[in-house]
Ligand SMILES: C[S@@+](CC[C@H](N)C(=O)[O-])C[C@H]1O[C@@H](n2cnc3c(N)ncnc32)[C@H](O)[C@@H]1O
Ligand code: SF4
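Residue numbers (the numbering used here): 13 to 391.
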């Protein structure tokens, strides 16, 4: 990743990627060149050139150990990186997170990624700032004057939050790309896909002007369970927004469920429902396996329930055989099960129950689906 990738995250820190805490500098206080050609990033490049790995890459390394596909491997595939050790003069692939502005408060998320998490985070003393909104990039004009040239060379820009469609700076960046005729690059979004218009910016007017697109719509379950896991999610609005982009055929639309204790048992039903309703085509699944917090990690499920989940997946494989579901999708299902079974983290189960009950109380919610899946364990 340090040879091609530039990730801007919390407080403007530029990091190796969205999961590893490997810091190269800060785009609010340093120049683009100082960061891209700086000591921190060069140290990591040297390490990787020498064939060493870095312990801070633990999330990818853990996924790879269980046979799953890590962000690292996926990036290598997407950018055909045989030439990993050659530094490109400017990043091929940007991931820019302008702020934590978000209209959802999903259970597995946190205040650093979502402004809507603030009231509950504050009540629980888990807030990471004294105000809801945290701007990562403090001065958009300065950012563009430093990084704009490099952005015009990029092959891909990935937007992933807070909620990109609620970020005014994200619309300004699209405008900058359009004005500078750099519209052939690939845009990728991780989005909760709940709004298509923000402060007078109609996203479809922007999207029509770009050629290559991928929307990874974050949905962890359908209907009530989806609305329970992701506070703010509305199943009907999701379907109606999906309909609104149907005539933009250049957009690749995938569902991108985050696989946690809350969502894993429902994954087969989610996939089948989305297929039935023509929300997706057969290949359009992109799973995101949750690592932290540990109390939402599927490895924390007690063994007896893991067996039950595995049975639900076995039934799905039988159905998948009859319905010609592609290997690309089946391998993602298998990755979920392999990951869950790779380790016993059930010491965190109690915390899962406590956390779930705490949020049920604060939100005045309860999930019948979870009760059905977890039975007596969910007391
Ligand atoms: C933080 S969100 C930001 C983008 C956008 N708001 C969205 O929800 O797609 C990016 C992705 O992270 C997922 N996510 C939420 N909590 C997570 C966690 N604890 N670990 C890993 N991914 C998580 C979300 O479901 C979403 O797919
Ligand atoms: S929509 Fe995205 S950023 Fe917002 S709370 Fe959910 S996961 Fe976090």
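C-beta atoms are modelled at their ideal positions from N, C-alpha and C, and glycine is treated no differently. On a predicted model such as this, the values are computed, not experimentally measured, just so you know.
* **C-alpha gap between residue 260 and residue 203, whole angstroms** => Looking at the backbone, the Cα of residue 260 and that of residue 203 are separated by about 17 Å.
* **Cβ-heavy atom distance, residue 200 to ligand 2, below 7 Å** => No.
* Residue from 140, 145 and 159 whose Cα sits closest to the Cα of residue 107 -> Taking residue 107 as reference, the option from 140, 145 and 159 with the minimal CA-CA separation is 159.
* What residues are listed by DSSP as bridge partners for residue 228? -> Residue pairing by DSSP puts residue 228 in a beta bridge opposite 202 and 266.
* To do: Please work out which residues of its chain come closer than 6 Å, Cβ to Cβ, to residue 341, disregarding the five sequence neighbours upstream and downstream, and give them in chain order.
  => Residues 297 of the same chain have their beta carbon placed closer than 6 Å to that of residue 341, with the five preceding and five following residues left out of the count.
* What three-state label does DSSP hand residue 111 in the structure shown? -> If DSSP states are grouped into helix, strand and coil, residue 111 belongs with the strands.
* Is there contact between the region 347-366 and the region 72-79, where contact requires at least three CB pairs shorter than 8 Å? -> The answer is yes - the region 72-79 touches the region 347-366, with three or more Cβ pairs under 8 Å.
* Could you pull the start and end residues of the beta strand (DSSP E) that residue 17 belongs to? => In this chain, the beta strand (DSSP E) harbouring residue 17 covers 17-20.
* Could you check the C-alpha separation between residue 16 and residue 83 for me, to the nearest Å? => The alpha-carbon atoms of residue 16 and residue 83 are separated by roughly 14 Å.
* **Cβ-based neighbour list, residue 222, same chain, cut-off 7 Å, excluding 5 preceding and 5 following** => Hits under 7 Å: 195 and 199.
* Tell me whether residue 187 sits in a helix, a strand or coil according to DSSP, three-state version. => Three-state result, residue 187: helix.
* Asked: Do the CB positions of residue 229 and residue 266 come within less than 8 Å of each other?
  -> Yes, Cβ-Cβ distance for residue 229 and residue 266 is below 8 Å.
* Where residue 137 falls: helix, strand or coil (DSSP) -> Secondary structure at residue 137: coil, using DSSP grouped into helix, strand and coil.
* **Burial state of residue 330 (16 or more Cβ within 10 Å)** => Residue 330 comes out exposed.
* To do: Closer than 7 Å by C-beta to residue 395: which residues in its own chain qualify, once you throw out the five before and the five after it? Chain order, please.
  => The structure shown does not extend to residue 395, since the chain is modelled only from 13 through 391, so no value can be given for it.
* Tell me, please, whether the region 52-64 touches the region 160-175 by the rule of three or more beta-carbon pairs shorter than 8 Å. => Taking a cut-off of 8 Å for Cβ pairs, the region 52-64 and the region 160-175 do not touch, as fewer than three such pairs fall below it.
* Measuring alpha carbon to alpha carbon, tell me which of 193, 186 and 380 ends up nearest residue 217. => In terms of Cα proximity to residue 217, the closest of 193, 186 and 380 is 186.
* To do: Provide the residue(s) that pair with residue 297 in DSSP beta bridges, ordered along the chain.
  => As computed with DSSP, residue 297 is found in a beta bridge with 267.
* Asked: Cβ-heavy atom distance between residue 204 and ligand 1 below 7 Å?
  -> Distances from the CB of residue 204 to the heavy atoms of ligand 1 include at least one below 7 Å.
* Asked: To the nearest angstrom, how far is it from the Cα of residue 63 to the Cα of residue 320?
  -> Taking the straight line from one Cα to the other gives about 41 Å.
* Cβ-based burial, residue 336 [other Cβ within 10 Å; buried from 16] -> So residue 336 counts as exposed.
* Asked: What are the uninterrupted segments assigned as alpha helix (DSSP H) that are 4 or more residues long and contained completely in the region 35-71, given in chain order?
  -> Taken in chain order, the complete alpha helix (DSSP H) segments of 4 residues or longer contained in the region 35-71 are 44-48 and 51-61.
* With respect to 7 Å, is the separation between the Cβ of residue 282 and the closest non-hydrogen atom of ligand 1 below this value? -> No, ligand 1 has no heavy atom inside 7 Å of this Cβ.
* **Proximal residues to residue 132 (C-beta, below 7 Å), its chain only, five neighbours per side dropped** => These residues qualify, in order along the chain: 117 and 374.
* Taking the alpha-carbon positions, what's the residue 35 to residue 99 distance? -> Here the alpha carbon of residue 35 sits roughly 18 Å from the alpha carbon of residue 99.
* Asked: Beta carbon of residue 112, beta carbon of residue 24: below 8 Å?
  -> Cβ atoms of residue 112 and residue 24: not closer than 8 Å.
* With a threshold of 7 Å, establish whether the CB of residue 180 neighbours any heavy atom of ligand 1. => Residue 180: no, Cβ never under 7 Å from ligand 1.
* Asked: If you drop the 5 nearest sequence neighbours on each side, which residues of the same chain put their C-beta closer than 6 Å to that of residue 307?
  -> Only 360, 363, 364 and 367 meet the Cβ criterion.
* Asked: Would you say residue 375 touches ligand 1, meaning its beta carbon is less than 7 Å from a heavy atom?
  -> Because no heavy atom of ligand 1 lies under 7 Å away, the Cβ of residue 375 does not count as near it: no.
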